[in-house]
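I have placed the structure first, in the form of structure tokens, so that the comments after it can refer back to it.
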Amino acid sequence: MGVVDNAPVASRRVLDRGDVQRVIARLAHEIVDRVAAEARGPLGIDPASLAIVGVRTGGAHLATRLAARIGEVSGTTPPVGLLDITLYRDDVLLAGNPVPILKGTDVPFDLQGRAVVLVDDVLYTGRTVRAALEALLELGRPAYVRLAVLVDRGLRELPVAADFVGRSLETRREERVRVRLTEGGADDDEVVVEVKGERRGA
Amino acid sequence: MSERVLSVRHLLGIDGLTRADAELILETARSFHEVNTRALKKVPVLRGRTVALLFFENSTRTRLSFELAAKRLSADTLSFSASGSSVSKGETLIDTARNIEAMGPDLVVMRHEQSGSHHLLLRAMSGAVVNAGDGQHEHPTQALLDAFTLLERFGRAPKDGLTGKTIAIVGDIAHSRVARSNMLLLPLLGAKVRVCGPRTMLPPGLDQYGVEATDDVDQALEGVDAVMTLRIQKERISGARMASDRDYFHRFGLTKERFKRLPERALVMHPGPINRGVEIDHDVADDPRAVILEQAENGVAVRMAVLYLLAVVHAKAEGA
Numbered sequence: 133m134g135v136v137d138n139a140p141v142a143s144r145r146v147l148d149r150g151d152v153q154r155v156i157a158r159l160a161h162e163i164v165d166r167v168a169a170e171a172r173g174p175l176g177i178d179p180a181s182l183a184i185v186g187v188r189t190g191g192a193h194l195a196t197r198l199a200a201r202i203g204e205v206s207g208t209t210p211p212v213g214l215l216d217i218t219l220y221r222d223d224v225l226l227a228g229n230p231v232p233i234l235k236g237t238d239v240p241f242d243l244q245g246r247a248v249v250l251v252d253d254v255l256y257t258g259r260t261v262r263a264a265l266e267a268l269l270e271l272g273r274p275a276y277v278r279l280a281v282l283v284d285r286g287l288r289e290l291p292v293a294a295d296f297v298g299r300s301l302e303t304r305r306e307e308r309v310r311v312r313l314t315e316g317g318a319d320d321d322e323v324v325v326e327v328k329g330e331r332r333g334a
Numbered sequence: 492m493s494e495r496v497l498s499v500r501h502l503l504g505i506d507g508l509t510r511a512d513a514e515l516i517l518e519t520a521r522s523f524h525e526v527n528t529r530a531l532k533k534v535p536v537l538r539g540r541t542v543a544l545l546f547f548e549n550s551t552r553t554r555l556s557f558e559l560a561a562k563r564l565s566a567d568t569l570s571f572s573a574s575g576s577s578v579s580k581g582e583t584l585i586d587t588a589r590n591i592e593a594m595g596p597d598l599v600v601m602r603h604e605q606s607g608s609h610h611l612l613l614r615a616m617s618g619a620v621v622n623a624g625d626g627q628h629e630h631p632t633q634a635l636l637d638a639f640t641l642l643e644r645f646g647r648a649p650k651d652g653l654t655g656k657t658i659a660i661v662g663d664i665a666h667s668r669v670a671r672s673n674m675l676l677l678p679l680l681g682a683k684v685r686v687c688g689p690r691t692m693l694p695p696g697l698d699q700y701g702v703e704a705t706d707d708v709d710q711a712l713e714g715v716d717a718v719m720t721l722r723i724q725k726e727r728i729s730g731a732r733m734a735s736d737r738d739y740f741h742r743f744g745l746t747k748e749r750f751k752r753l754p755e756r757a758l759v760m761h762p763g764p765i766n767r768g769v770e771i772d773h774d775v776a777d778d779p780r781a782v783i784l785e786q787a788e789n790g791v792a793v794r795m796a797v798l799y800l801l802a803v804v805h806a807k808a809e810g811a
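These protein sequences, in sequence, are chains A and B. Heads up: take any position in the first sequence, counting from 1, add 132, and you land on my numbering. Heads up: take any position in the second sequence, counting from 1, add 491, and you land on my numbering.
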């Protein structure tokens with residue numbers, strides 16, 4: 133049995149409040165530009181069909197913030213949906229994994245034919261994205277799906293890449309990326325990389 | 492990460508559940524209720540798992556509801572039905588259970604005419620056991636779907652419970668497992684419960700449930716937020732103790748007149764099958780305030796929640 137101590141033994145802040153705001157603003161501009169370009173491209177999808185879908189729980193506030201910023205940039209605030217991917221995870225019934233309380237999926241619009249940007253706070257193994265795509269595509273058939281993340285921390289286990297990345301970080305497995313984000317944007321918004329204090333004793 | 496799991500490994504009754512367990516099941520059921528409103532009503536969470544449905548007593552509603560719940564979780568189902576048999580019930584049950592166990596089900600749902608038979612089943616099964624009704628004892632998923640329906644209709648979150656609400660249960664209280672499970676669950680969630688029926692159908696010891704008991708139906712219905720009407724369990728009563736259907740309807744049935752005197756907000760519930768003109772008036776059963784079909788609909792979501800949460804508990808236990 134291991135001795136478990138969850139207090140971080142070291143941490144570095146990689147984004148502060150101002151950085152988070154700037155990164156979200158840049159992501160919003162990139163999304164608006166790309167969606168407009170896609171409209172002129174072979175898919176020819178109307179930019180007005182854009183919808184933002186956040187992955188609960190980390191992607192939920194980011195999705196709302198991003199949608200509001202996109203509204204300021206383009207003049208049209210896209211609708212926001214939220215996915216609870218718990219029931220689609222490949223590890224939900226694996227022994228020893230924590231099981232979160234179901235928060236529920238809430239996508240209050242038809243996905244058919246839309247341009248969808250899937251949003252999560254941290255891209256890591258890629259397993260969450262795989263589960264999110266499965267959950268999303270069972271709700272409807274968007275014209276296309278792109279992926280936006282606040283932080284890409286590497287260490288992928290599945291062939292998944294983001295289309296919009298706020299910040300790329302080099303991290304190690306034993307580190308934890310903690311994103312603090314509020315819906316309205318607050319003073320304590322930040323992204324911190326912590327070294328977990330988890331030790332395995334005899 | 493916030494996390495909560497059930498404190499029990501089997502759902503044998505409401506007895507043994509904590510308030511936190513009940514809230515967790517009801518909260519989880521809300522998510523499954525959303526799944527049931529989708530065009531594609533299925534989630535992959537129990538893919539490759541097997542749910543055995545053992546029904547030793549007749550059932551249509553409950554068996555279909557559990558079967559659909561299991562399928563919407565992507566589980567495979569094994570279905571076994573047998574009504575009362577002449578051989579010793581205990582032996583039949585154990586033999587059947589051993590055979591089913593050999594096929595390796597992860598979850599076993601059982602209905603049996605013998606109260607407490609699930610404890611016998613536990614000896615033969617390694618998976619999670621769910622009571623789908625045992626004799627006159629308990630029918631926990633029915634009480635949970637009743638509570639879910641009440642919360643939805645009252646616009647309350649499970650954590651807010653049913654505080655301040657008064658629910659009347661009218662009918663054959665003594666022989667009803669639905670009544671017993673509700674007498675345990677509704678007060679656990681903070682509701683005030685009144686039970687009412689002919690004196691011969693009010694069991695002794697009702698005090699221990701913290702419910703009020705009366706054989707005056709008009710008194711029982713005064714100021715209620717919901718009334719649950721129950722059918723007379725004829726198959727569990729010897730003939731001499733029963734009044735005629737007509738008599739019963741006049742004395743205890745939810746007649747049009749009694750329905751009119753109910754507060755306007757009051758809901759009418761029935762676990763089914765309904766006997767129109769016996770415990771409930773023909774038209775009252777179809778009134779918009781009768782939520783009988785919503786109960787049936789919500790039953791699927793509640794049973795999905797129970798199967799899922801028990802699968803989670805067992806998965807965690809394997810890793811411990």
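Note that the Cβ used here is the ideal one computed from N, Cα and C, for glycine as well.
Assuming contact is defined by CB atoms lying nearer than 8 Å, are residue i and residue j in contact in what I supplied?
| i | j | result |
| --- | --- | --- |
| V324 of chain A | S143 of chain A | yes |
| H501 of chain B | A615 of chain B | no |
| L497 of chain B | L517 of chain B | no |
| T541 of chain B | D567 of chain B | yes |
| V769 of chain B | D736 of chain B | yes |
| G624 of chain B | Q605 of chain B | no |
| E558 of chain B | L569 of chain B | no |
| L215 of chain A | A267 of chain A | yes |
| T831 of chain B | G714 of chain B | Any property of residue 831 of chain B remains undetermined from this structure, which presents chain B solely from 492 to 811. |
| R722 of chain B | P694 of chain B | no |
| V534 of chain B | S565 of chain B | yes |
| A806 of chain B | L598 of chain B | no |
| L531 of chain B | E270 of chain A | yes |
| R521 of chain B | L679 of chain B | no |
| V782 of chain B | L758 of chain B | yes |
| M760 of chain B | D586 of chain B | no |
Name the two residues that bound the continuous alpha helix (DSSP H) containing residue i.
| i | result |
| --- | --- |
| H338 of chain A | Any answer about residue 338 of chain A is impossible in this case: the structure gives chain A only from 133 up to 334. |
| D284 of chain A | Element bounds for D284 of chain A: not the alpha helix (DSSP H) but the beta strand (DSSP E), Y276 to D284. |
| L676 of chain B | R668 to L679 |
| L555 of chain B | R552 to R563 |
| F639 of chain B | P631 to F645 |
| G190 of chain A | G190 to S206 |
| A511 of chain B | R510 to V526 |
| E270 of chain A | R259 to L271 |
| A711 of chain B | V708 to A711 |
| L215 of chain A | Element bounds for L215 of chain A: not the alpha helix (DSSP H) but the beta strand (DSSP E), V212 to L215. |
So the beta strand (DSSP E) residue i belongs to, where does it begin and stop?
| i | result |
| --- | --- |
| F571 of chain B | D567 to S572 |
| Y815 of chain B | Residue 815 of chain B is absent from the structure shown; chain B starts at 492 and stops at 811. |
| G186 of chain A | A183 to V187 |
| T720 of chain B | A717 to T720 |
| E253 of chain A | Per the sequence presented here, residue 253 of chain A reads as Asp, with Glu not at that position. Note, D253 of chain A: beta strand (DSSP E), A247 to L255. |
| V309 of chain A | E307 to R312 |
| A543 of chain B | T541 to F546 |
| I660 of chain B | T657 to V661 |
| S300 of chain A | F296 to S300 |
| K683 of chain B | K683 to C687 |
| E322 of chain A | E322 to V327 |
| T705 of chain B | E703 to T705 |
Assuming residue i contacts residue j (C-beta within less than 8 Å), just tell me the rounded distance between them.
| i | j | result |
| --- | --- | --- |
| E289 of chain A | T257 of chain A | 4 Å |
| R206 of chain A | V164 of chain A | A small correction: the amino acid at residue 206 of chain A is Ser; Arg does not occupy that position in the sequence shown. Confirmed, about 5 Å. |
| L653 of chain B | A682 of chain B | 4 Å |
| A573 of chain B | F547 of chain B | 6 Å |
| G595 of chain B | H628 of chain B | About 28 Å; that fails the 8 Å criterion. |
| A199 of chain A | P210 of chain A | 5 Å |
| V661 of chain B | T746 of chain B | Contact doesn't hold; Cβ gap of about 12 Å is too wide. |
| G298 of chain A | V283 of chain A | 6 Å |
| D238 of chain A | G213 of chain A | 6 Å |
So with Cβ pairs under 8 Å, would you call residue i a contact of chain D?
| i | result |
| --- | --- |
| L313 of chain A | Of the protein chains in the structure, A and B, none is chain D. |
Inspect the CB distances between the segment 495 to 510 of chain B and the segment 183 to 195 of chain A and report whether three or more fall short of 8 Å. no
Is it a yes or a no for the segment 682 to 695 of chain B touching the segment 664 to 674 of chain B, going by three-plus beta-carbon pairs under 8 Å? yes
Could you tell me whether the segment 292 to 310 of chain A touches the segment 587 to 596 of chain B, using the rule of 3 or more Cβ pairs below 8 Å? no
Validate contact between the segment 694 to 704 of chain B and the segment 633 to 650 of chain B using beta carbons, cut 8 Å, 3 pairs: no
Check whether the segment 606 to 614 of chain B touches the segment 795 to 806 of chain B, taking contact to mean three or more Cβ pairs, one atom from each stretch, closer than 8 Å. no
What residue ranges within the segment 750 to 780 of chain B form continuous beta strand (DSSP E) runs of no fewer than 3 residues, ordered along the chain? Counting only runs of at least 3 residues, the segment 750 to 780 of chain B fully encloses the following beta strand (DSSP E) elements, listed from N- to C-terminal order: 758 to 760.
Count the C-beta pairs between the segment 264 to 279 of chain A and the segment 237 to 251 of chain A that are closer than 8 Å, then say yes if the count reaches three, no if not. yes
In chain order, which beta strand (DSSP E) runs of at least 3 residues are fully inside the segment 586 to 628 of chain B? Qualifying beta strand (DSSP E) stretches, in chain order: 598 to 603 and 619 to 625.
Whether or not the segment 170 to 185 of chain A and the segment 221 to 238 of chain A are in contact is what I'm after, with contact meaning three or more pairs of Cβ atoms, one per stretch, closer than 8 Å; do they touch? Because the criterion of three Cβ pairs below 8 Å is not met, the segment 221 to 238 of chain A and the segment 170 to 185 of chain A do not touch.
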